[in-house]
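So the structure is just underneath, and the comments pick up after that.
In our numbering, the protein residues as written are 97 to 586.
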């Protein structure tokens, strides 16, 4: 079987979608830092679609930049394949849709040649630098809204700005070179699943720049745009089975395809410092304010994950698909989505009923492998960020919140670390010692998890929360999760 490359592209099966444009006509206009599976299944796919129908977009080809030692292999694979790769879309009925993406036309491993990356960032042809570096790569304390300038890598980048290690070090030095050479500044766009990702990115870039040169920090604050964005597509890790499946469907050997669900969404704040691709022509939403769309995702998708995670694990289930198709949890999820939708403002271009239904369908896709253990990682942060704000808003509006409170009661019981069948459950959480000590007291003090717990600020002492919480948790302790939820849902 031929290896995937420009030369072998004509050998792809007729069922495979291939780039419908001449890649030789595409120039680098976007530098993307962090070329992982999500970027390759999301932003690069949108651009690939746009390149096929909009000649103006061909000045916005992507140069991928990878920074971390563990990323060397993906750079080697992509370069060996002429930067082509397969996206394998997994439909719920088992159908596999294969598409070869060509929008990444260059890929660099920054530690091998940092000067080449900086030169590219200073190139007038490049107008956007985007990122998917995961939340942990931002050196940002969300609770305090503070940049962690004391982090060793940021200390290095502030003292050796021309030899950067981090995405932010490269961006700041690239902006400095553009300022010094009289070149229009880049637009810096985060595509990470991070609340107010553009605002956070701006905070970190400006703080690092100011640490290096206060005048540079001031120039960036005045001249550089950092649009917020909201991204969504479930993209599991690539397995050996996925590699084999991609080869079978396409007839080409791709060493690192990426798999994903059919659904994708990209909402972008239309606030750029210069030209941008017309992403709206291929399904992205360009809006004045991303915040309400992000709120919708947090309260429906992210909180929906929490809704299925805790009862699912207590019932001995392990996967998202298992939990979502369990009759009790399926009904709980549908009712939760109806309840949380009451806290959302109307959104242009969004039918919230259809959006909620799409979440149930997505979670129920048996082809997408996702674990409940992953959804319940750092459980207290997830609850505080996604579910408890829904409870507060509903109660503040004078509405009942029975389903959301049931999710909180399941979580409180889950903290005991024992499933309903008596088996032990692993829990990963930085607050675990305190939470488990509280959970151990719950049978004699039903509010042990709630009282004097900063996570429950605004809820402690409110009878409209505490009464149903106590009733549900007591019933779970006596009758188990399934019987309790079935009784509530009926």
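Idealized CB from N, CA, C, for every residue including glycine.
Just so we're clear, the structure is a prediction, and the values are computed from it rather than from any experiment.
Leaving aside the five residues that flank residue 195 on each side, the residues in its chain whose CB is nearer than 6 Å to its CB run, in chain order, 113 and 183. Residue 304 places its beta carbon 8 Å or farther from that of residue 251.
Per the Cβ contact rule, the region 186-202 is in contact with the region 136-154 (3 or more Cβ pairs under 8 Å). Minimum Cα-Cα distance from residue 299 among the listed residues 246, 264 and 468 corresponds to 264.
Between residue 416 and residue 133, the beta carbon gap of about 17 Å keeps them out of contact (Cβ cut-off 8 Å). Its chain contains 428, 429, 432 and 503 as the residues whose beta carbon lies nearer than 7 Å to that of residue 403, once the 5 sequence neighbours on both sides are disregarded; these appear in chain order.
Taken in chain order, the whole alpha helix (DSSP H) runs of length 4 or more contained in the region 121-179 are 133-137, 139-147 and 168-176.
Between residue 188 and residue 466, the alpha-carbon positions lie close to 14 Å from each other.
Counted as a single uninterrupted DSSP element, the stretch harbouring residue 360 is not any beta strand (DSSP E), since DSSP gives it neither H nor E. Between residue 359 and residue 329, the C-beta spacing is below 8 Å. By the CB criterion at 8 Å, residue 375 and residue 364 fall inside the cutoff. In the DSSP assignment, the residues bridged to residue 205 are 162. If you check the CB distance, residue 477 and residue 507 do not come in under 8 Å.
For residue 226, the three-state secondary structure derived from DSSP is strand. Annotation: the continuous alpha helix (DSSP H) that includes residue 492 extends over 484-492. Under the three-state reduction of DSSP, residue 318 is assigned to helix. The shortest CA-to-CA distance from residue 388 to any of 421, 292, 333 and 461 is the one to 292. Fully contained in the region 411-455 are the following alpha helix (DSSP H) runs of length 4 or more, in chain order: 416-421 and 423-437. Residue 118 counts as exposed, since fewer than 16 other beta carbons sit within 10 angstroms of its beta carbon.
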